[in-house]
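Residue numbering for the sequence shown follows the UniProt record's numbering, beginning at 1 and increasing consecutively.
Heads up: the structure comes next, in structure tokens.
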Amino acid sequence: MLQAQVMPGASGAPAAPQAKVVVEVHPNKGESKLVERALTEPTSAQQMLEQSGMTKKFRRMTVDLVRPLPAGGHHKIALTYDRQTKRLTSETDYALQPGDRLIIIEEDKTALDDMMEKFGGPLGFNTPKRGTTSRGGSFYIEG
1 MLQAQVMPGA SGAPAAPQAK VVVEVHPNKG ESKLVERALT EPTSAQQMLE
51 QSGMTKKFRR MTVDLVRPLP AGGHHKIALT YDRQTKRLTS ETDYALQPGD
101 RLIIIEEDKT ALDDMMEKFG GPLGFNTPKR GTTSRGGSFY IEG
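Written out as structure tokens, the structure is:
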């Protein structure tokens, strides 16, 4: 007959590794910081943004997800943050996995920058320009 008992674990025994995600925050002013967060239940990138307080702290931000690859290296995925709804778009609100890194960078763009991009690109136009100079040279501007 097989007998078994439950024995208390040794006090120096290492605990099982915990599934974690690193949240890397880069504000415009002040120092960047890294925060490790435990993944105790299924969590999306949007939920992690809310848990970290970034949706309240930053009005504008870029968000990237860096995921380790099984064969080594990392894959960087740009997530789309909508500042009006303060949410990631559903297409880019990925479920987080152990070892993921969420990189949050506060943007310093203004409403004027938004208008320039919407109505004419960064230099006020959005179609290529060709021409000649008064000295007979030619130019081509794309942007």
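Backbone N, C-alpha and C fix where the C-beta goes; we use that ideal spot for every residue, glycine too.
Note that this is a predicted model, so its numbers are computed, not measured.
Any idea which residues DSSP pairs Ser-44 with across the strands? Within the sequence shown, residue 44 is the residue found at index 44, counting from 1. DSSP, once it has assigned bridges, lists Ala-95 as partnering Ser-44.
Mapping the DSSP letters down to three states, classify Leu-39 as helix, strand or coil. Translated into positions along the sequence shown, residue 39 becomes position 39. In the structure shown, Leu-39 sits in coil (DSSP, three-state: anything other than H, G, I, E or B).
Within a Cβ cutoff of 6 Å, which residues of the same chain sit near Val-66, ignoring the five residues on either side of it in sequence? Locating residue 66 in the sequence shown gives position 66, counting from the first residue. Within the same chain, His-74, Lys-76, Arg-101 come within 6 Å of Val-66 by CB-CB distance, once the 5 residues on both sides are set aside.
Report yes if the CB atom of Glu-24 is closer than 7 Å to the CB atom of Arg-60, and no otherwise. Residue mapping note: residue 24 aligns to position 24 of the sequence shown, counting from 1. Residue mapping note: residue 60 aligns to position 60 of the sequence shown, counting from 1. Not closer than 7 Å, so no.
Straight-line gap, residue 144 to Ile-105 (C-alpha atoms, nearest Å): Here the chain covers residues 1 to 143 and nothing more, so residue 144 does not appear.
Pick helix, strand or coil for Gln-18, following the three-state DSSP scheme. By 1-based counting over the sequence shown, the position of residue 18 is 18. Under the three-state reduction of DSSP, Gln-18 is assigned to coil, being neither helix nor strand.
Do you know offhand how far Gly-137's Cα is from Thr-110's? For this step, residue 137 is matched to residue 137 along the sequence shown. For this step, residue 110 is matched to residue 110 along the sequence shown. The alpha-carbon atoms of Gly-137 and Thr-110 are separated by roughly 37 Å.
Which of helix, strand or coil DSSP assigns to residue 144: In the structure as shown, the chain begins at 1 and stops at 143. Residue 144 is therefore absent and cannot be evaluated.
Closer than 7 Å by C-beta to Thr-89: which residues in its own chain qualify, once you throw out the five before and the five after it? Chain order, please. Counted from its first residue, the sequence shown places residue 89 at position 89. Answer for Thr-89: Thr-80, Asp-82, listed in chain order.
Quick one: using the 10 Å Cβ neighbour count with 16 as the cut-off for buried, is Ala-45 buried or exposed? The residue labelled residue 45 in the question sits at position 45 within the sequence shown. Around the beta carbon of Ala-45, a 10 Å sphere encloses 16 or more other beta carbons of the protein chains shown; the residue is thus reported as buried.
Measuring only the C-alpha atoms, how far is Gln-51 from Thr-133? By 1-based counting over the sequence shown, the position of residue 51 is 51. By 1-based counting over the sequence shown, the position of residue 133 is 133. Approximately 57 Å between the Cα atoms of the pair.
What first and last residue would you give for the alpha helix (DSSP H) that runs through Lys-56? Against the sequence shown, residue 56 aligns to sequence position 56. In the DSSP annotation of this structure, the continuous segment of the alpha helix (DSSP H) that includes Lys-56 starts and ends at 54-57.
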